[in-house]
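Contents: one structure, followed by commentary.
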Amino acid sequence: MRRKIVPYLLILPGGLWLLIFLVVPLVYMASVSTMTGDVVNGFLQTFHFANYGQALAAYKTQFLRSVGYGLAGTILTIVLAYPMAYWIAFKGGARKSTYLLLVLLPFFVSFVLRTVSWKFLLADDGILLGPLKDLGVLPQDFHILATTVAVIGGLTYNYLPFMVLPIYVALERVDPRVVEASQDLYATRAQSFAKIVFPLSLPGVFAGVLMTFVPMTSDYVNASILGGPANTMIGNIIQTEYLVNNDYPAGAALSFTLMAVMLIGIFVYAKALGTENVLEAAAR
Amino acid sequence: MTSPPPDPALLRGLTRPRLGGPTRRQVFRAAGLSAAALALSACSIPGRKAAATPQKDAVASYWAGKKRNGVLRWANWPLYIDKDGKRYPTIEAFTKDTGIQVTYQEAIQEMPTWFGKIQPQLGAGQDIGFDLMVMTNSLQLTKAMELGYLAPIDHSKLPNFAANVGAKFKNPAYDPGNAFTVPWQSGLTGIAYNPKYVDGEITSIEELWNPKYKGKVGMMSDSQELGNFGMFAVGVDPDKSGKADWEKAGKRLQEQRDAGLVRKYYENDYVDALARGDVWLTMAWSGDIYQQIAEGRDLKFVVPREGGSIWTDNMCIPMTARNPVDALALMDYVYRPKIAAALAEYITYITPVPSTQAIVREEAAAATGEDKEALELMANSPLIYPSDADLARTRSFKTLSDAEEKVYEGIFQPISQG
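Residue numbers (this note's numbering), protein chains in the order written: chain A, 544 to 827; chain B, 48 to 465.
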């Protein structure tokens with residue numbers, strides 16, 4: 544009897560936590576997304592599903608832009624993170640943990656603060672661009688801030704460690720003897736990477752994509768600090784709908800649409816990669 | 048992020064176990080379904096519309112039986128009171144004169160977020176932890192008044208307000224008869240520019256549309272601020288504007304955006320951008336620019352000849368305040384000319400007490416060195432004591448009804464949110 548209860552007691556704290564702070568608000572927000580009304584007169588549940596259509600019609604540009612930025616940022620982080628993780632895993636030697644700490648070090652500083660400091664670095668007449676302009680290398684009206692490049696760059700910078708760590712973990716698990724064996728069988732270094740190491744590291748890349756694509760697509764800090772008028776992301780819109788317009792139904796509808804888009808995207812991606820169970824692959 | 052207040056009954060329904068069935072799996076499924084069904088059908092977010100202006104007896108009935116408690120909890124914006132290290136001289140003087148202990152917090156950063164924070168509690172009739180707060184005349188203040196969140200003010204207890212506050216700060220359009228609010232400080236929205244990059248003087252709002260400044264113009268994202276400037280640009284008085292005028296203004300602002308003139312629609316971070324040269328000219332608030340000038344930066348601020356905005360931050364008492372009588376005492380205290388002058392010298396926005404200018408002049412005459420310079424700069428600054436000509440060109444934000452607000456936001460918000 545006791546043995547049967549124990550596992551359930553163990554999941555009780557976490558389970559309750561999730562129920563109260565995740566499931567309840569989610570269900571509640573789902574309900575809000577089909578309400579109509581305004582703050583002064585109150586919101587009433589009218590099952591007004593048109594909220595979704597309206598919000599999507601009004602903000603489809605920002606939607607597509609966010610997904611685009613998320614994809615671009617994710618690909619960039621893979622390109623940057625893979626060699627880094629590879630080097631730490633195979634050439635890091637005894638200092639591996641130091642290098643990992645260095646990757647994580649920026650996280651000791653607040654996210655917003657780190658993003659704002661990019662603004663100082665990249666200022667139009669700042670320490671980076673100012674001298675180049677004075678030397679005539681760049682035209683006077685050249686700027687990086689308030690461009691797509693700045694926002695995607697900021698996203699990539701902020702989420703890079705989330706890609707490095709899972710890829711590192713996957714590479715770390717590759718048994719060096721397997722690589723040796725492939726070379727015994729006359730595989731070149733490139734071949735053993737392409738046929739052995741890379742496929743074995745794919746679960747790490749997959750987990751990394753989940754951990755970067757989702758937050759990047761819904762991020763609003765980078766767009767609001769580094770972006771200009773043409774870089775607004777869907778996260779900024781949701782924030783405005785909630786806090787400025789107090790249009791809770793529209794904000795909730797946008798959030799759920801975003802969630803759906805990302806879930807579909809992730810499952811399609813998992814299918815394409817041949818992973819049957821998304822969560823299992825991510826946890827591996 | 049702020050979410051609407053959950054209905055307590057709903058929460059109880061979701062957390063109370065509904066066990067009783069056979070297998071655990073079924074129980075969980077049933078609980079989940081019923082919770083979802085409950086949530087989806089039974090709940091709503093209540094609003095509470097109150098009478099717009101309180102009747103005489105509303106004032107009497109609110110204040111009847113209210114007593115002074117000797118404590119006061121005050122929510123204000125950052126850097127919005129005189130401060131000496133960790134001490135607040137004006138508040139200390141107030142405590143000394145009245146015996147009321149004040150807990151002062153810089154709790155307010157932005158109107159929408161502040162309203163989002165207090166709305167659930169005020170809506171439920173709960174104490175928000177403050178007896179006095181400072182709110183800008185804005186859509187949120189209008190909502191707070193409409194929802195009956197603010198205590199009606201007993202003007203018989205405010206003799207200093209009646210005697211010392213300038214006529215143009217009394218009886219504002221957004222709160223006729225100062226029924227719920229009294230002014231803390233005012234400010235102007237005009238154009239600030241950096242003479243290092245901008246040749247000559249800027250006097251016209253048209254400069255914000257000058258192709259010469261492509262990508263170097265800053266605008267504000269707040270749709271009331273932005274809308275007002277759009278209206279000035281097309282020669283419309285916001286007070287008398289309607290939907291057609293807003294559309295015209297919106298079109299003009301969209302042209303500005305489409306031409307690539309606007310670097311960014313700023314919230315309150317335009318000052319750094321201006322100082323760093325990211326923007327060369329921008330919509331700006333007078334006090335921000337005054338502080339930069341006082342620190343020695345070479346920046347200019349003008350009220351464009353087509354018009355500028357004037358706004359007021361107001362002291363108001365939440366309906367659920369525990370110490371409203373003490374709050375009223377403070378409201379009156381800050382209109383004593385000496386006190387108002389001390390506040391103005393630190394805050395450097397526009398004080399509602401015009402007689403402070405003479406006091407600052409006297410102090411400047413008595414002071415020496417840096418203090419003298421600072422006080423003289425202030426007493427003669429058109430940013431703190433704007434000229435009548437400047438003030439004549441300034442307009443408030445239009446007070447919008449609920450229906451109008453939707454239309455208004457629908458026109459101006461997409462411009463900054465593209």
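Virtual Cβ for every residue (Gly too), placed ideally from N, Cα, C. These numbers come from a predicted model, not from an experiment.
Annotation: the continuous alpha helix (DSSP H) that includes Ala341 (chain B) extends over 333-341. Close partners of Ala666 (chain A) in chain B (Cβ separation under 9 Å): Asp319, Ala320, Arg323, Gly324, Asp325. Residues Ala122 of the same chain have their beta carbon placed closer than 6 Å to that of Gln152 (chain B), with the five preceding and five following residues left out of the count. Neighbours of Thr699 (chain A) in chain B, taken as residues whose beta carbon is under 8 Å from its own, are absent, since the nearest beta carbon is some 21 Å off. Taking one beta carbon from each stretch, the segment 136-148 of chain B and the segment 321-340 of chain B have fewer than 3 pairs nearer than 8 Å; the two do not touch. For Pro674 (chain A), no Cβ of chain B is located within less than 8 Å of the residue's own Cβ. The beta carbons of Val264 (chain B) and Val326 (chain B) sit closer together than 8 Å.
Look at the segment 756-775 of chain A: the residues with a C-beta under 7 Å from a C-beta of chain B are Gly771, Pro772, Ala773, Thr775.
Under DSSP, Asn361 (chain B) shares a beta bridge with B:Met182, B:Pro230.
Using a Cβ-Cβ cut-off of 8 Å, Asp449 (chain B) counts as an interface residue toward chain A, since at least one Cβ of chain A sits closer than that to its own. Val149 (chain B): member of the beta strand (DSSP E) spanning 148-152, first to last residue. The beta carbons of Met759 (chain A) and Thr617 (chain A) sit closer together than 8 Å.
In this structure the segment 200-211 of chain B does not touch the segment 237-252 of chain B; the number of beta carbon pairs closer than 8 Å is below three.
In the structure shown, Met366 (chain B) adopts coil according to DSSP, grouped into three states. Residue nearest to Glu254 (chain B) within the set B:Gln303, B:Asn218, B:Lys215, B:Glu294 is B:Gln303 (criterion: CA-CA distance). It is roughly 8 Å from the alpha-carbon of Glu451 (chain B) to the alpha-carbon of Lys290 (chain B). Annotated three-state conformation of Phe348 (chain B) is strand, per DSSP. At a cut-off of 8 Å, the C-beta of Gly163 (chain B) has a neighbouring C-beta in chain A. For the segment 171-192 of chain B, residues whose beta-carbon sits nearer than 8 Å to a beta-carbon of chain A comprise Lys190.
Cβ neighbours of Phe586 (chain A) within its own chain (closer than 8 Å, five residues either side excluded): Val575, Met578, Thr579, Gly580, Tyr791, Pro792. Glu193, Leu194: these are the residues of the segment 192-221 of chain B whose beta carbon lies less than 9 Å from some beta carbon of chain A, given in chain order. Boundaries of the alpha helix (DSSP H) harbouring Tyr393 (chain B): 384-394, taken from the DSSP string. Boundaries of the alpha helix (DSSP H) around Gln168 (chain B): 158-170.
For Asn788 (chain A), the chain B residues whose Cβ falls inside 7 Å of its Cβ are Glu456, in order along the chain. In the three-state reduction of the DSSP assignment, Val118 (chain B) falls in the strand class, which pools E and B. At a cut-off of 8 Å between C-beta atoms, Gln156 (chain B) does not count as an interface residue with respect to chain A. Tyr702 (chain A) is a Cβ neighbour of Thr620 (chain A), given a cutoff of 8 Å. Selection A:Gly771, A:Tyr785, A:Pro704, A:Asn789 evaluated against Thr755 (chain A) yields A:Pro704 as nearest (Cα-Cα).
Beta-bridge partners of Ile397 (chain B) (DSSP): B:Ser233.
A straight line joining the alpha-carbon of Ala795 (chain A) with that of Glu456 (chain B) spans about 18 Å. Assigned with DSSP and collapsed to three states, Asp131 (chain B) falls in strand.
When DSSP reads this structure, Leu587 (chain A) sits in a beta bridge with A:Thr579.
Neighbours of Lys311 (chain B) across chain A, judged by C-beta separation under 7 Å: Ala689, Gly771, Pro772.
Counting along the chain, Lys143 (chain B) sits inside the alpha helix (DSSP H) bounded by residues 136-145. In this structure, Ser463 (chain B) lies near Pro772 (chain A), with their beta-carbon atoms less than 8 Å apart.
For Thr818 (chain A), no chain B residue has a Cβ inside 8 Å of its Cβ, as the nearest lies near 27 Å away.
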